[in-house]
Amino acid sequence: MAPVTSSDASGPDALTGLRPRLPSPLREVVDGRFERHGIRLLLKRDDLIHPELVGNKWRKLAPNLAAADGRTVLTFGGAYSNHLRATAAAGRLLGLRTVGVVRGEELAGRPLNPSLARCAADGMRLHFVPRSVYRRRTDPDTLGEVLRAAEAGDAYVVPEGGSNAAAVRGCQDLGRELAGEADVAAVACGTGGTLAGLAAGFAGAGRSLGIPVLRGGFLTGEIRALQTEAFGGPRGDWSLDERFHAGGFARVPAALEVFAADFEQRHGVPVERIYVAKLLHALVTLVEEGAFPRGSAVAAVITGRPFP
Ligand SMILES: Cc1ncc(COP(=O)(O)O)c(C=O)c1O
-19 MAPVTSSDAS GPDALTGLRP RLPSPLREVV DGRFERHGIR LLLKRDDLIH PELVGNKWRK
41 LAPNLAAADG RTVLTFGGAY SNHLRATAAA GRLLGLRTVG VVRGEELAGR PLNPSLARCA
101 ADGMRLHFVP RSVYRRRTDP DTLGEVLRAA EAGDAYVVPE GGSNAAAVRG CQDLGRELAG
161 EADVAAVACG TGGTLAGLAA GFAGAGRSLG IPVLRGGFLT GEIRALQTEA FGGPRGDWSL
221 DERFHAGGFA RVPAALEVFA ADFEQRHGVP VERIYVAKLL HALVTLVEEG AFPRGSAVAA
281 VITGRPFP
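For the sequence shown, position 79 (counting from the first letter as 1) is numbered 59 according to the numbering used here, and the numbering increases by one without interruption.
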């Protein structure tokens, strides 16, 4: 695919030129663990929207790339961030300059891991900051210092995980695409931005369920804040089940690895381990617990693909 030039990078046309597959496919799979409780399992294949802006990355980044209007896009992430990789890829595809502010100054002196190497190969300028600075990245003074140090004073800033009001509004379509198709829409949560938008788009159609992959119990407040920022107040019927983080972010215990590999074999769907595996494992457990009435259709959003 030929990259578009920076002069036409800003408009919606440039994004349409990337040919996203939208609405994303919705596939029912036959899985005995659901079937014996009278539940239909639907997979919402957001991982098929675009080969490089995968899943919720397309839905969250597209409105931000349009808003950047050709300016440098600066964003934040950890050393294995899916969001950094997607932003870097978008920069290459659209001819936009990108800067990735990476958590962990100590990484600057080491060889890049495969995820950061991909970002760099896509033209993203990497700027490593100490963890103490990274923690304060939303504080206006700290952000100002980071922008200055990264020589990106006029950049369009996208927060960690890509979750801001524009991204949340972008995720509404995910809920709208599922309305009338499912009774429950379930998604894994990092920052909660995807659930915030999904629940708004799915409002009136059923309930939305979020499975946080981080420990902490702080997400309910953050999702409310994101919905307020995006829509002026709460939207949709949503809840979180905090039991399925499997020890914390990026922890993939052996049993979860076995579960994910088995799911891949049963259904021929690549299972991203950090988010999607935890979601699917949660759903299997919830069905066993009788959490959904017989006859329900439960849609699991496949928000990503394994990397590499
Ligand atoms: C594959 C995948 N699924 C789900 C999420 C969670 O999205 P959110 O941060 O909007 O909760 C992420 C994080 O961005 C992700 O990379």
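The C-beta atom is built at its ideal place from N, Cα and C for all residues, glycine as well. Just so it is clear, the structure is predicted and the values come from calculations on it, not from any experiment.
With a threshold of 7 Å, establish whether the CB of Leu175 neighbours any heavy atom of ligand 1.
Remark: the shortest separation between the CB of Leu175 and any heavy atom of ligand 1 falls under 7 Å.
Near ligand 1: Ala168 beta-carbon under 7 Å from a heavy atom
Ligand 1 approaches Ala168 closely enough that one of its heavy atoms is under 7 Å from the residue's Cβ.
Between Glu222 and ligand 1, is there a pair consisting of the residue's CB and a ligand heavy atom that are separated by less than 7 Å?
Every heavy atom of ligand 1 is 7 Å or more from the Cβ of Glu222, so no.
Could you tell me which whole alpha helix (DSSP H) segments of length 4 or greater appear in the stretch 82 to 150?
DSSP runs (the alpha helix (DSSP H)) wholly in the stretch 82 to 150: 94 to 101, 111 to 115, 120 to 129 and 145 to 150.
Cβ atoms of Leu22 and Leu6: under 8 Å apart, would you say?
The Cβ atoms of Leu6 and Leu22 sit closer than 8 Å to each other.
Compare the beta carbon distance of Leu127 and Leu54 with 8 Å and say whether it is the shorter of the two.
Taking 8 Å as the Cβ cut-off, Leu127 and Leu54 qualify as a contacting pair.
Who are the near neighbours of Gly141 in its chain, counting only those whose CB is closer than 6 Å to its CB and skipping five residues on each side?
Here the set comprises His63, Gly170 and Thr171.
The stretch 251 to 266 touching the stretch 149 to 169, judged by at least three CB pairs closer than 8 Å
As far as the Cβ criterion goes, the stretch 251 to 266 touches the stretch 149 to 169, which means the pair count is three or higher.
Please look up how many angstroms separate the CB atoms of Arg39 and Asp153, rounded, as I've assumed it's under 8 Å.
About 7 Å separates the Cβ atoms of Arg39 and Asp153, confirming a contact at the 8 Å cut-off.
Across which residues does DSSP place Lys24 in a beta bridge pair?
DSSP, once it has assigned bridges, lists Leu6 and Val281 as partnering Lys24.
Is the CB-CB distance between Gly227 and Asp27 below 8 Å?
No, these two residues do not count as a Cβ contact at 8 Å.
Would you report the Cα separation of Arg274 and His17, rounded to the nearest angstrom?
Those two C-alpha atoms are separated by around 6 Å.
Roughly how many whole angstroms lie between the Cα atoms of Thr208 and Pro214?
Just so you know, the alpha carbons of Thr208 and Pro214 end up roughly 6 Å apart.
Spatial neighbours of Phe182 in its chain, beta-carbon cut-off 7 Å, leaving aside the 5 residues before and after
Only Gly155, Leu158, Ala159, Ala165, Ser188 and Gly216 meet the Cβ criterion.
Quick check: the Cα distance between Ala135 and Gly80, rounded to an integer number of angstroms?
Those two C-alpha atoms are separated by around 11 Å.
Residue interval of the beta strand (DSSP E) (run including Pro192):
Here the beta strand (DSSP E) through Pro192 covers Arg187 to Pro192.
According to DSSP, Ala168 sits in a beta bridge with which residue or residues?
Ala168 is bridged to Ile191.
Could you tell me the boundaries of the beta strand (DSSP E) in which Phe56 lies?
Per DSSP, the unbroken beta strand (DSSP E) holding Phe56 starts and ends at Val53 to Gly57.
Tell me the rounded alpha-carbon separation between Arg77 and Ala66.
So the two alpha carbons sit approximately 13 Å from each other.
Please classify Asn36: is it buried, with 16 or more other beta-carbons within 10 angstroms of its beta-carbon, or exposed?
Classification of Asn36: buried, given that the 10 Å Cβ count is 16 or more.
Can you find the residues in the same chain that come closer than 7 Å, C-beta to C-beta, to Val256, ignoring five residues on each side of it along the sequence?
Within the same chain, Val256 has close Cβ partners Ala168, Ile282, Thr283 and Gly284.
Can you tell me which of the three DSSP states Gly80 falls into?
Three-state result, Gly80: strand.
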